[in-house]
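Colleague: With the working numbering applied, the sequence shown covers 432 to 716. We put the CB at the ideal spot given by N, CA and C, even for glycine. Just so we're clear, the structure is a prediction, and the values are computed from it rather than from any experiment.
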Amino acid sequence: MGLRLPRGRRAQRGRGLRDSRRDLARGAPVRSALYEGRLVHTRHAGPATGGVGHAFSQRVTMLLVALDEWEEVAARHPFWSTTRWAPVRLDRADYLGDPATPLEATVRDLVARRLGRRPAGRILLLTTPRVWGWHFNPLSVYYCLDEAGDLAAVVLEVTSTPWHERTAYVVDALEQPVRFDKEMHVSPFLPSDLEYVLRAGEPGESIHLNLGTRRGEERVFDAGLSLQRVGNARADLARLPWRRPFAAASVSWGIYRQALRLWRKGAPFVPRRTRAAHPVTAGHR
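1. If ALA604 sits next to VAL585, beta carbons under 8 Å apart, how far is it from one beta carbon to the other, in whole angstroms?
2. List the DSSP bridge partners of ARG657.
3. Would a C-beta distance cut-off of 8 Å place HIS508 and ALA679 closer than the cut-off?
4. With which residues is LEU557 paired in a DSSP beta bridge?
5. For the beta strand (DSSP E) that contains LEU587, what are its first and last residues?
6. Roughly how many whole angstroms lie between the Cα atoms of LEU668 and GLY635?
7. Could you give the residue range of the alpha helix (DSSP H) that holds THR537?
8. Name, in chain order, the residues that DSSP records as bridge partners for GLY662.
9. In whole angstroms, give me the CA-to-CA distance for VAL718 and PHE611.
10. From GLY564 to GLU588, what does the alpha carbon distance come to, in whole angstroms?
11. Taking the Cβ atom as the reference point for each residue, do LEU495 and LEU557 lie within a distance shorter than 8 Å?
12. Please list, in chain order, all residues of the same chain as LEU656 whose beta carbon is under 6 Å from its beta carbon, the five residues on each side excluded.
13. What do you reckon, are the CB atoms on TYR526 and SER571 nearer than 8 Å?
14. For LYS696 and ARG688, I'd like the C-alpha separation in whole angstroms.
15. Span of the beta strand (DSSP E) holding LEU629?
16. Using the Cα positions of ARG490 and GLU467, report the straight-line distance between them to the nearest angstrom.
17. With ARG610 as the anchor, note down where its beta strand (DSSP E) starts and where it stops.
18. Using DSSP with H/G/I as helix, E/B as strand and the rest coil, what is SER681?
19. Which residues mark the beginning and the end of the beta strand (DSSP E) in which VAL602 is found?
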(Lines of atoms letter the chains of each structure in order from A; the text may use other names.)
(Lines give C-alpha, C1' and ligand atoms only; values in the text may rest on other atoms or scores of the structure.)
Protein backbone atom coordinates (compact mmCIF):
# COMPACT_ATOMS: atom_id res chain seq x y z
CA MET A 432 0.00 0.00 0.00
CA GLY A 433 1.53 3.31 -1.05
CA LEU A 434 1.36 6.56 0.79
CA ARG A 435 0.97 8.92 -2.14
CA LEU A 436 -1.94 11.25 -2.66
CA PRO A 437 -3.32 11.65 -6.19
CA ARG A 438 -1.43 14.46 -7.86
CA GLY A 439 -3.13 17.82 -7.56
CA ARG A 440 -5.35 16.91 -4.58
CA ARG A 441 -4.94 18.22 -1.09
CA ALA A 442 -5.17 16.07 2.01
CA GLN A 443 -8.71 15.85 3.31
CA ARG A 444 -9.39 17.39 6.69
CA GLY A 445 -12.19 17.33 9.19
CA ARG A 446 -13.68 14.01 8.10
CA GLY A 447 -15.75 12.12 10.63
CA LEU A 448 -15.68 8.52 11.79
CA ARG A 449 -18.81 7.73 9.74
CA ASP A 450 -17.04 8.92 6.57
CA SER A 451 -14.01 6.81 7.47
CA ARG A 452 -16.10 3.66 7.94
CA ARG A 453 -17.82 4.31 4.61
CA ASP A 454 -14.41 4.58 2.95
CA LEU A 455 -13.26 1.37 4.61
CA ALA A 456 -16.34 -0.40 3.27
CA ARG A 457 -15.43 0.84 -0.22
CA GLY A 458 -11.86 -0.38 0.22
CA ALA A 459 -10.27 3.08 0.38
CA PRO A 460 -6.71 2.90 1.79
CA VAL A 461 -6.07 3.86 5.40
CA ARG A 462 -2.54 5.22 5.73
CA SER A 463 -2.15 4.60 9.45
CA ALA A 464 -0.72 1.21 10.47
CA LEU A 465 1.39 -0.65 13.00
CA TYR A 466 5.00 -1.42 12.11
CA GLU A 467 7.51 -3.83 13.63
CA GLY A 468 11.25 -4.11 13.21
CA ARG A 469 14.55 -3.33 14.84
CA LEU A 470 16.35 -0.31 16.19
CA VAL A 471 20.15 -0.47 16.03
CA HIS A 472 22.39 1.87 18.04
CA THR A 473 26.11 2.14 17.28
CA ARG A 474 28.47 4.25 19.39
CA HIS A 475 31.76 4.60 17.55
CA ALA A 476 35.02 4.45 19.50
CA GLY A 477 36.85 7.73 18.95
CA PRO A 478 37.90 11.02 20.57
CA ALA A 479 34.32 12.27 21.02
CA THR A 480 33.28 9.14 22.91
CA GLY A 481 36.40 8.78 25.04
CA GLY A 482 37.41 5.78 22.97
CA VAL A 483 34.47 3.75 24.28
CA GLY A 484 32.45 2.04 21.57
CA HIS A 485 29.17 0.19 22.07
CA ALA A 486 26.39 -1.31 19.98
CA PHE A 487 23.05 -2.97 20.56
CA SER A 488 19.76 -3.64 18.81
CA GLN A 489 16.23 -4.14 20.07
CA ARG A 490 12.88 -5.12 18.67
CA VAL A 491 10.38 -2.27 18.41
CA THR A 492 6.70 -1.86 17.58
CA MET A 493 5.61 1.58 16.40
CA LEU A 494 2.54 3.27 14.99
CA LEU A 495 2.49 5.34 11.83
CA VAL A 496 -0.60 7.52 12.17
CA ALA A 497 -1.84 10.05 9.63
CA LEU A 498 -2.79 13.04 11.74
CA ASP A 499 -6.07 13.46 9.87
CA GLU A 500 -6.89 9.89 10.97
CA TRP A 501 -5.95 10.44 14.64
CA GLU A 502 -9.46 9.96 16.03
CA GLU A 503 -10.45 7.36 13.45
CA VAL A 504 -7.60 4.99 14.27
CA ALA A 505 -8.32 5.05 18.00
CA ALA A 506 -12.04 4.53 17.36
CA ARG A 507 -11.48 1.29 15.46
CA HIS A 508 -11.18 -0.79 18.66
CA PRO A 509 -12.34 -0.27 22.27
CA PHE A 510 -8.82 -1.08 23.51
CA TRP A 511 -7.71 2.22 21.94
CA SER A 512 -8.72 5.79 22.82
CA THR A 513 -7.73 9.44 22.52
CA THR A 514 -9.75 10.78 25.46
CA ARG A 515 -10.29 8.12 28.13
CA TRP A 516 -8.00 5.61 29.79
CA ALA A 517 -7.47 2.56 27.58
CA PRO A 518 -4.80 -0.13 27.13
CA VAL A 519 -3.53 1.92 24.16
CA ARG A 520 -3.99 5.66 24.15
CA LEU A 521 -3.13 8.36 21.65
CA ASP A 522 -2.84 11.28 24.04
CA ARG A 523 -2.55 14.72 22.42
CA ALA A 524 -0.67 16.02 25.49
CA ASP A 525 2.20 13.60 24.79
CA TYR A 526 3.23 15.52 21.67
CA LEU A 527 4.24 18.91 20.32
CA GLY A 528 2.70 22.18 21.38
CA ASP A 529 -0.44 23.22 23.20
CA PRO A 530 -2.71 20.20 23.87
CA ALA A 531 -5.71 22.45 23.15
CA THR A 532 -4.52 22.89 19.53
CA PRO A 533 -4.91 19.99 17.08
CA LEU A 534 -1.55 18.31 16.52
CA GLU A 535 -1.89 18.54 12.74
CA ALA A 536 -2.29 22.33 12.89
CA THR A 537 0.63 22.61 15.33
CA VAL A 538 2.97 20.75 12.99
CA ARG A 539 1.87 22.66 9.88
CA ASP A 540 2.33 26.00 11.65
CA LEU A 541 5.76 24.98 12.95
CA VAL A 542 7.03 23.94 9.52
CA ALA A 543 5.64 27.12 7.96
CA ARG A 544 7.46 29.28 10.51
CA ARG A 545 10.77 27.46 10.18
CA LEU A 546 10.94 26.70 6.46
CA GLY A 547 8.74 29.44 5.03
CA ARG A 548 6.31 27.04 3.38
CA ARG A 549 3.30 25.20 4.76
CA PRO A 550 2.97 21.45 4.09
CA ALA A 551 0.13 20.94 1.62
CA GLY A 552 -0.24 17.17 1.93
CA ARG A 553 -0.69 14.67 4.69
CA ILE A 554 1.36 14.57 7.88
CA LEU A 555 2.33 11.10 9.12
CA LEU A 556 3.55 10.61 12.69
CA LEU A 557 5.82 7.66 13.55
CA THR A 558 5.66 7.09 17.30
CA THR A 559 5.11 4.65 20.15
CA PRO A 560 1.65 5.24 21.64
CA ARG A 561 0.93 5.14 25.35
CA VAL A 562 0.54 1.44 26.27
CA TRP A 563 -0.91 0.47 29.65
CA GLY A 564 -0.37 4.05 30.79
CA TRP A 565 3.36 4.19 29.96
CA HIS A 566 4.68 6.71 27.48
CA PHE A 567 8.20 7.61 26.46
CA ASN A 568 9.42 8.46 22.98
CA PRO A 569 13.12 9.29 22.57
CA LEU A 570 12.21 10.19 18.99
CA SER A 571 8.89 10.82 17.26
CA VAL A 572 9.06 11.57 13.55
CA TYR A 573 6.56 13.71 11.61
CA TYR A 574 6.71 13.09 7.85
CA CYS A 575 5.27 16.12 6.04
CA LEU A 576 4.15 15.43 2.48
CA ASP A 577 3.47 17.84 -0.36
CA GLU A 578 0.38 17.87 -2.59
CA ALA A 579 1.82 15.10 -4.76
CA GLY A 580 2.46 12.90 -1.71
CA ASP A 581 6.24 13.36 -1.82
CA LEU A 582 8.26 13.94 1.33
CA ALA A 583 8.90 17.67 1.74
CA ALA A 584 9.90 18.13 5.38
CA VAL A 585 10.57 16.12 8.52
CA VAL A 586 10.01 17.21 12.11
CA LEU A 587 12.01 15.32 14.73
CA GLU A 588 10.59 15.55 18.25
CA VAL A 589 13.45 14.50 20.55
CA THR A 590 13.14 13.70 24.27
CA SER A 591 16.23 13.50 26.48
CA THR A 592 17.06 10.82 29.04
CA PRO A 593 16.88 11.05 32.05
CA TRP A 594 15.71 14.69 32.04
CA HIS A 595 12.67 14.27 29.76
CA GLU A 596 13.24 17.62 28.10
CA ARG A 597 11.86 17.96 24.59
CA THR A 598 12.83 19.87 21.51
CA ALA A 599 11.82 19.76 17.86
CA TYR A 600 14.03 20.01 14.79
CA VAL A 601 12.45 21.01 11.48
CA VAL A 602 14.44 19.78 8.51
CA ASP A 603 14.01 20.28 4.79
CA ALA A 604 13.79 16.80 3.26
CA LEU A 605 14.18 17.88 -0.36
CA GLU A 606 17.94 17.30 -0.25
CA GLN A 607 19.43 14.47 1.79
CA PRO A 608 21.38 13.71 3.87
CA VAL A 609 20.55 16.75 5.99
CA ARG A 610 23.13 17.99 8.49
CA PHE A 611 22.22 20.33 11.38
CA ASP A 612 23.40 21.34 14.84
CA LYS A 613 22.48 19.32 17.92
CA GLU A 614 20.81 21.84 20.23
CA MET A 615 19.85 19.77 23.28
CA HIS A 616 21.82 17.52 25.63
CA VAL A 617 20.20 14.13 25.09
CA SER A 618 22.46 11.61 26.85
CA PRO A 619 24.89 11.89 29.80
CA PHE A 620 27.34 9.74 27.85
CA LEU A 621 27.55 11.84 24.68
CA PRO A 622 28.81 15.40 24.20
CA SER A 623 26.54 18.18 22.96
CA ASP A 624 28.87 19.94 20.52
CA LEU A 625 27.85 17.67 17.67
CA GLU A 626 25.88 17.77 14.44
CA TYR A 627 23.03 15.50 13.45
CA VAL A 628 22.95 13.80 10.06
CA LEU A 629 19.50 12.62 8.94
CA ARG A 630 18.51 10.22 6.19
CA ALA A 631 14.78 9.55 5.97
CA GLY A 632 12.66 8.22 3.14
CA GLU A 633 8.92 8.43 2.63
CA PRO A 634 7.08 5.72 4.62
CA GLY A 635 5.48 2.86 2.71
CA GLU A 636 5.41 -0.89 3.23
CA SER A 637 8.72 -0.37 5.01
CA ILE A 638 10.28 2.50 6.93
CA HIS A 639 14.00 3.19 7.05
CA LEU A 640 15.57 6.04 8.97
CA ASN A 641 19.11 6.83 10.10
CA LEU A 642 19.96 9.60 12.53
CA GLY A 643 23.64 9.98 13.29
CA THR A 644 25.85 12.46 15.11
CA ARG A 645 29.15 13.81 13.87
CA ARG A 646 31.94 16.04 15.13
CA GLY A 647 33.48 17.39 11.97
CA GLU A 648 34.33 14.28 9.96
CA GLU A 649 34.32 12.00 13.00
CA ARG A 650 31.44 9.54 13.20
CA VAL A 651 30.25 9.59 16.80
CA PHE A 652 26.93 7.76 16.91
CA ASP A 653 24.35 6.20 14.57
CA ALA A 654 20.78 5.11 15.23
CA GLY A 655 19.18 3.06 12.47
CA LEU A 656 15.50 2.14 12.35
CA SER A 657 14.17 -0.52 9.98
CA LEU A 658 10.46 -1.38 10.12
CA GLN A 659 7.95 -3.43 8.15
CA ARG A 660 4.24 -2.74 8.00
CA VAL A 661 2.13 -5.15 10.07
CA GLY A 662 -1.35 -3.82 9.32
CA ASN A 663 -4.19 -1.65 10.54
CA ALA A 664 -7.03 -4.15 10.82
CA ARG A 665 -9.14 -4.18 13.94
CA ALA A 666 -7.44 -7.43 15.02
CA ASP A 667 -3.97 -5.88 14.61
CA LEU A 668 -4.92 -3.01 16.90
CA ALA A 669 -6.47 -5.37 19.44
CA ARG A 670 -3.34 -7.51 19.68
CA LEU A 671 -0.89 -4.71 20.45
CA PRO A 672 -1.48 -4.35 24.24
CA TRP A 673 -1.35 -8.15 24.68
CA ARG A 674 1.45 -9.15 22.30
CA ARG A 675 3.58 -6.11 23.13
CA PRO A 676 2.41 -4.93 26.58
CA PHE A 677 5.80 -3.34 27.22
CA ALA A 678 6.13 -1.68 23.81
CA ALA A 679 6.56 1.73 25.46
CA ALA A 680 8.12 0.69 28.77
CA SER A 681 10.79 -1.45 27.09
CA VAL A 682 12.13 1.66 25.36
CA SER A 683 12.80 3.30 28.73
CA TRP A 684 14.19 0.13 30.30
CA GLY A 685 16.47 -0.44 27.33
CA ILE A 686 17.96 3.05 27.58
CA TYR A 687 18.84 2.66 31.26
CA ARG A 688 20.17 -0.86 30.76
CA GLN A 689 22.52 0.32 28.01
CA ALA A 690 23.53 3.35 30.10
CA LEU A 691 24.63 0.98 32.87
CA ARG A 692 26.71 -0.99 30.38
CA LEU A 693 28.37 2.21 29.15
CA TRP A 694 29.16 3.22 32.72
CA ARG A 695 30.74 -0.18 33.36
CA LYS A 696 32.85 0.24 30.21
CA GLY A 697 34.16 3.55 31.54
CA ALA A 698 32.38 5.89 29.14
CA PRO A 699 33.01 9.51 30.21
CA PHE A 700 30.10 11.29 31.91
CA VAL A 701 29.05 14.57 30.27
CA PRO A 702 27.06 17.00 32.50
CA ARG A 703 23.85 18.45 31.14
CA ARG A 704 23.75 21.98 29.80
CA THR A 705 20.98 24.27 31.06
CA ARG A 706 18.18 24.45 28.52
CA ALA A 707 14.88 26.30 28.28
CA ALA A 708 11.77 24.16 28.54
CA HIS A 709 10.55 22.68 25.25
CA PRO A 710 12.87 24.60 22.90
CA VAL A 711 12.11 24.39 19.19
CA THR A 712 14.97 24.73 16.73
CA ALA A 713 15.03 24.81 12.95
CA GLY A 714 17.39 22.19 11.65
CA HIS A 715 17.58 23.30 8.04
CA ARG A 716 20.60 25.13 6.69
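Modeller: Working from what's here:
1. Indexing the sequence shown from 1 puts residue 604 at position 173. Indexing the sequence shown from 1 puts residue 585 at position 154. That belief holds up - the Cβ atoms of ALA604 and VAL585 are roughly 5 Å apart, short of 8 Å.
2. The count along the sequence shown starts at 1 and reaches residue 657 at position 226. For clarity, residue 657 is Ser in the given sequence; the question names Arg instead. DSSP lists ARG469, HIS639 as partners of SER657.
3. On the sequence shown, residue 508 is found 77 positions in, with the first residue counted as 1. On the sequence shown, residue 679 is found 248 positions in, with the first residue counted as 1. Going by C-beta atoms, HIS508 is not nearer than 8 Å to ALA679.
4. Translated into positions along the sequence shown, residue 557 becomes position 126. Note: LEU557 sits in a beta bridge opposite LEU495, VAL572.
5. Here residue 587 refers to the residue found at position 156 of the sequence shown. Element bounds for LEU587: 582-590.
6. By 1-based counting over the sequence shown, the position of residue 668 is 237. By 1-based counting over the sequence shown, the position of residue 635 is 204. If I take the Cα positions, the gap works out to 19 Å.
7. Position 106 of the sequence shown, counted from the first residue, corresponds to residue 537. Start and end: 534-546.
8. Position 231 of the sequence shown, counted from the start, is the residue given in the question as residue 662. Bridge partners of GLY662: LEU465.
9. As shown, the chain starts at 432 and ends at 716. That puts residue 718 outside it, with no answer to give.
10. What you label residue 564 is simply residue 133 of the sequence shown in a count that begins at 1. What you label residue 588 is simply residue 157 of the sequence shown in a count that begins at 1. Rounded to whole angstroms, GLY564 to GLU588 spans 20 Å at the Cα level.
11. As a first step, residue 495 must be located in the sequence shown, where it is residue number 64. As a first step, residue 557 must be located in the sequence shown, where it is residue number 126. Yes; because the gap between Cβ atoms is below 8 Å, this pair is in contact.
12. If you number the sequence shown from 1, residue 656 lands on position 225. Excluding sequence neighbours, LEU656 sits near LEU470, LEU640.
13. Position 95 of the sequence shown holds residue 526. Position 140 of the sequence shown holds residue 571. Contact flag set, yes.
14. Locating residue 696 in the sequence shown gives position 265, where the first residue counts as 1. Locating residue 688 in the sequence shown gives position 257, where the first residue counts as 1. Approximately 13 Å between the Cα atoms of the pair.
15. Taking the sequence shown and counting its residues from 1, one reaches residue 629 at position 198. Start and end: 626-631.
16. To locate residue 490, count along the sequence shown from 1; it is residue 59. To locate residue 467, count along the sequence shown from 1; it is residue 36. Each residue's alpha carbon lies about 7 Å from the other.
17. Residue mapping note: residue 610 aligns to position 179 of the sequence shown, counting from 1. From DSSP, the beta strand (DSSP E) with ARG610 extends over 609-612.
18. Here residue 681 corresponds to residue number 250 of the sequence shown, with the count starting at 1. If DSSP states are grouped into helix, strand and coil, SER681 belongs with the helices.
19. Indexing the sequence shown from 1 puts residue 602 at position 171. Looking at the DSSP string, the run of the beta strand (DSSP E) that includes VAL602 is 597-603.
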